[in-house]
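K.L.:
Right, I'll just put the structure down here and ask away after.
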Amino acid sequence: MPPKTKIPEERIRILFKQAESTYPTDPQRAQRYVDLARKIGTRNRTHLPRDLRRRVCRSCKAYLVPGANSRTRIRQRREPHVAITCLGCGHITRIPLRRKTA
C-alpha cells in the first residue's frame, strides 16, 4: 500500500468504528460519520476498503446495519449470492459467493 493512502484509510476505519458503536443510540450521528469517511476517501482519491464499502447503500448512501435498516439473505437462484437489501430505498446489492473460473 502506498504511504499516501495509509493515513486516510486509518481515519476511514476509525470513523466506521465510531459509526458502529454510535448507531444504536444515535443513527443520525452514525450516518454523519459515514458521510465524513466517504468524503475523506473522495478528497484523497482512495477507495473505501471492500469490507466497509459493503456497509453503505450504493443508491441512497445510508449506513447499513443488518436487522436495523437492511436485510441480508443468502440466495440460490442462478448463482449463489448474498443479497443485501436497503430498507430505506429498496436497493438490492448482490455479492457472488463463488469465484468465476475462466
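Residue numbers (this note's numbering): 107 to 208.
All residues carry an ideal CB built from backbone N, CA and C; glycine is no exception.
Here the structure is a predicted model, which is why all the values come from computation and not from measurement.
(1) For L203, count the other beta carbons within 10 Å of its own beta carbon; 16 or more makes it buried, fewer makes it exposed. Which is it?
(2) First and last residue of the beta strand (DSSP E) that includes R177?
(3) Check whether the Cβ atoms of R179 and A168 lie closer than 7 Å to each other.
(4) I'd like to know whether the C-beta atoms of L121 and L142 end up nearer to each other than 7 Å.
(5) I think L170 touches C192, with their Cβ atoms under 8 Å apart; what is that distance to the nearest whole Å?
(6) Is H197 closer than 7 Å to C165 when the C-beta atoms are compared?
(7) So what does P155 bridge to, in DSSP terms?
P.N.:
By the coordinates alone:
(1) Sequence index remark: in the sequence shown, residue 203 carries index 97 (1-based). By the beta-carbon neighbour count (other beta carbons within 10 angstroms, threshold 16), L203 is exposed.
(2) In the sequence shown, counting from the first residue as 1, residue 177 sits at position 71. Counting along the chain, the beta strand (DSSP E) containing R177 begins and ends at 176 to 181.
(3) One-based indexing of the sequence shown puts residue 179 at position 73. One-based indexing of the sequence shown puts residue 168 at position 62. With a cutoff of 7 Å on beta-carbon distance, R179 and A168 are scored as not near each other.
(4) The residue you call residue 121 lines up with position 15 of the sequence shown. The residue you call residue 142 lines up with position 36 of the sequence shown. L142 sits close to L121, with the two beta carbons spaced by under 7 Å.
(5) For the purposes of this step, residue 170 is taken as residue 64 along the sequence shown, with counting starting at 1. For the purposes of this step, residue 192 is taken as residue 86 along the sequence shown, with counting starting at 1. Confirmed, Cβ separation roughly 6 Å.
(6) The sequence position of residue 165 within the sequence shown is 59, counting from 1. The sequence position of residue 197 within the sequence shown is 91, counting from 1. Checking the displayed sequence, the identity of residue 165 turns out to be Ser instead of Cys. S165 places its beta carbon less than 7 Å from that of H197.
(7) Residue 155 sits at position 49 when you count from the first residue of the sequence shown. DSSP links P155 through a beta bridge to no other residue.
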